Every structure is written in structure tokens, then in C-alpha cells.
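Protein chains: 2
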Amino acid sequence: MKKVEITAKGTNYAATNIGLLNELSQHVFTLAPGIDIPGRVFIGNDLGNTGSEVSFVTTPAGLGGDFLHTHKTNEEVYIVLSGNGQFQVDGEFFDISEGSVVRVSQNGKRAYKNTGNTDLVMICIQTKADSLKDLGITDGVILEEPVKW
Amino acid sequence: MKKVEITAKGTNYAATNIGLLNELSQHVFTLAPGIDIPGRVFIGNDLGNTGSEVSFVTTPAGLGGDFLHTHKTNEEVYIVLSGNGQFQVDGEFFDISEGSVVRVSQNGKRAYKNTGNTDLVMICIQTKADSLKDLGITDGVILEEPVKW
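Residue numbers (my numbering), protein chains in the order written: chain P, 31 to 179; chain X, 31 to 179.
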């Protein structure tokens with residue numbers, strides 16, 4: 031099992047490097063005693079996230095799709111980095127591939143499976159539904175002080 | 031300018047495909063009249079996100095790092111998909127590369143630049159700071175009803 035190691039940290043930030051994104055099966059997430067999931071990496075606790083859980087999901091060819099799940103209060107956004115798969119929400123089906131981005135509300139009954147010949151690699155972002163009102167760039171503040179490198 | 035087109039949509043979900051992740055410079059984000067930013071793609075409004083803004087950032091070789099910025103209320107998480115760069119927060123510097131994940135609190139004075147010879151491709155996740163208390167898998171509910179494909 032490869033650990034998420036913090037590589038830089040300060041008052042207002044923390045950073046890690048989890049490795050090459052097509053080699054994430056070196057990480058193993060222990061769901062319960064005896065139930066290990068290779069390729070699943072959660073970084074929220076290690077980085078000290080307060081607004082999102084971000085995880086990486088590697089599903090080998092021929093796998094996935096074993097169960098449906100919903101969420102109590104969280105919205106999910108899935109981003110496909112590589113591979114091919116099929117996704118379902120509430121009994122509606124659609125294909126996913128590199129560049130696919132999927133938002134699922136907490137009540138959506140969802141599942142996904144790998145339908146290709148290579149790993150299906152995705153990022154999964156969990157956030158509290160209805161927690162963010164101002165999308166886009168309106169929250170950012172560009173500073174007048176010069177940037178130094 | 032390439033548009034974000036919704037490819038699947040239902041009561042509890044929406045999906046798009048923004049294209050190959052090393053070709054995002056085909057997208058152009060208009061920051062203000064006359065100020066176009068190639069390679070920046072925001073998907074929150076199009077997908078109907080309620081808990082996060084998710085954007086893709088492509089910074090060509092030799093570019094980036096022109097200004098510092100903070101946020102009013104949002105935490106950011108950056109994920110590096112490819113390329114090499116340098117990141118700074120509050121005057122502290124660290125390198126970033128494929129697999130780097132960086133959390134920055136709203137008050138962190140941040141900037142990044144491409145220090146490599148290829149595009150620096152990142153995902154940027156904005157969420158309301160302190161909005162998510164339960165990280166990990168505790169919010170998920172695995173359903174007993176069988177999954178059909």
C-alpha cells in the first residue's frame with residue numbers, strides 16, 4: 031500500500047504527489063477489514079480539505095458496476111482521465127471516455143463499469159450539495175502586489 | 031471557441047465531454063471583453079453544479095505566474111494531469127508535476143507557472159471552505175437493489 035505523503039505544507043496550503051495517474055493501482059484503499067480496493071486514493075484528510083473530498087478511482091478492464099449507490103448529502107462530480115466505460119443514473123445509461131465530466135445529485139442511483147480494454151481512471155469529487163452559490167471566477171481576488179519567483 | 035455541450039441529462043445528473051485532456055487549448059474562456067484565455071474550461075454552470083466549480087487549466091510552456099490571487103470564501107484544490115511547473119503560496123515555493131494535488135485555503139496568496147517544455151494541464155476545484163465535514167466514504171449509501179446493465 032502506497033501512502034499519501036505530504037510534500038509541502040504551510041499555513042494556507044498542503045501538497046502531495048500521488049504518482050503517475052495510470053499507475054494508481056499501487057495505492058490500496060481498505061474499505062473494511064479484509065476488503066481492499068486497489069487504485070482508490072482519497073486525499074481529503076491528508077491534505078486537510080474542508081470543502082471537498084477528492085478521490086482517484088482506477089477500475090481495471092472488465093470490472094466495476096457491481097452495485098448502485100446514492101449519497102446522503104453530497105453531490106458528486108466524476109472526471110474521466112482515461113479509458114472507456116458506461117455510467118448509469120436512475121436507470122438511464124450513457125458512455126464515458128477521456129474528457130467526460132458527470133455531475134450526480136445526492137439522490138441519483140448511480141453505478142459505472144469499465145467497458146474497454148484498459149484501466150478506467152477517474153477523479154471523483156464529493157461536495158455538500160447546494161453549498162456553493164457563486165460559480166466561475168467571482169470568488170477570486172487578483173492582488174495588486176507583484177508576484178516574485 | 032469550443033462549447034461545453036451537455037451529452038446526457040436527467041433529473042439527478044448531467045454529463046458532458048470536453049475532449050482529450052491534452053487538447054483543451056481548443057476551448058477559450060472570455061475573462062472580460064477582449065481578454066480570451068485559451069485552455070480554460072469551466073463546467074459548473076453547464077452541468078448545474080451546486081457544490082463545486084470545476085475548471086480545467088492549460089498553461090503553455092513558458093507561461094503562467096503573472097499574478098497572485100486569493101479567494102473570498104472558497105478553498106481550491108489543484109490536480110496536475112500533465113506537465114511540470116512551480117507553485118507558490120504565501121511566498122513558499124514547490125514544484126508540481128503529474129499526480130500533484132495541492133489544497134489552498136482562501137487566504138493563501140497563490141500563483142503557478144509552467145517550468146517545462148510541454149503544456150501544464152491542471153484541474154482546479156473550487157468549493158466553499160468549511161462546507162464539508164464528513165470526508166471519505168461516510169456519506170455514501172450502497173443500495174441493496176440489484177444493479178442492471
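For every residue, glycine included, the Cβ atom is placed at its ideal position computed from N, Cα and C. Predicted model, so just to flag it, every value in this text is computed and none were measured.
- Gly-64 (chain P) is classed as exposed because its beta carbon has fewer than 16 other beta carbons within 10 Å across all chains shown.
- Taken in chain order, the unbroken stretches of beta strand (DSSP E) that lie wholly in the segment 64-133 of chain P and span 3 residues or more are 65-68, 70-72, 83-89, 99-101, 104-112, 114-119 and 122-127.
- Contact note: Ala-45 (chain X) reaches chain P through Phe-117, Phe-124, Ile-126, Ser-130, Val-131, Val-132 and Arg-133, using a C-beta cutoff of 8 Å and chain order.
- Within chain P, the residues whose beta carbon sits less than 7 Å from that of Ile-48 (chain X) are Gly-129 and Val-131, listed in sequence order.
- His-57 (chain X) has a beta carbon lying at 8 Å or more from every beta carbon in chain P.
- Flagged as an interface residue toward chain P: Gly-74 (chain X), by a C-beta distance shorter than 8 Å.
- When Cβ pairs closer than 8 Å are counted between the two stretches, the segment 120-132 of chain X is seen not to touch the segment 77-96 of chain X, the count staying below three.
- Taking 7 Å as the upper bound on Cβ-Cβ separation, chain P lies near residues Leu-77, Gly-78, Asn-79, Thr-80, Gly-81, Ser-82, Glu-83 and Val-84 of the segment 76-93 of chain X.
- The beta-bridge partner set that DSSP reports for Lys-143 (chain P) consists of P:Gly-94 and P:Gln-116.
- Counting only Cβ-Cβ distances below 8 Å, Asp-96 (chain P) has contacts in chain X at Val-177, in chain order.
- Taking 8 Å as the threshold, the shortest C-beta distance from Asn-144 (chain P) to chain X does not fall below it.
- As the crow flies, the alpha-carbon of Thr-103 (chain P) is around 15 Å from that of Leu-173 (chain X).
- The residue among P:Thr-145, P:His-101, P:Glu-35 and P:Thr-88 with its C-alpha nearest the C-alpha of Asp-164 (chain X) is P:His-101.
- Neighbours of Leu-173 (chain X) in chain P, taken as residues whose beta carbon is under 8 Å from its own, are Phe-97, Leu-98, His-99, Thr-100 and Lys-139 in chain order.
- Restricting attention to P:Leu-150, P:Phe-86 and P:Ala-141, the CA atom closest to the CA of Gly-166 (chain X) is found in P:Phe-86.
- In terms of beta-carbon proximity, Glu-105 (chain P) lines the interface with chain X, with at least one pair separated by less than 8 Å.
- Counting every other CB atom within 10 Å of its CB across the protein chains shown gives Thr-148 (chain X) a total below 16, marking it as exposed.
- Across the structure, Gly-92 (chain P) and Val-177 (chain X) are spaced so that their CA atoms are roughly 16 Å apart.
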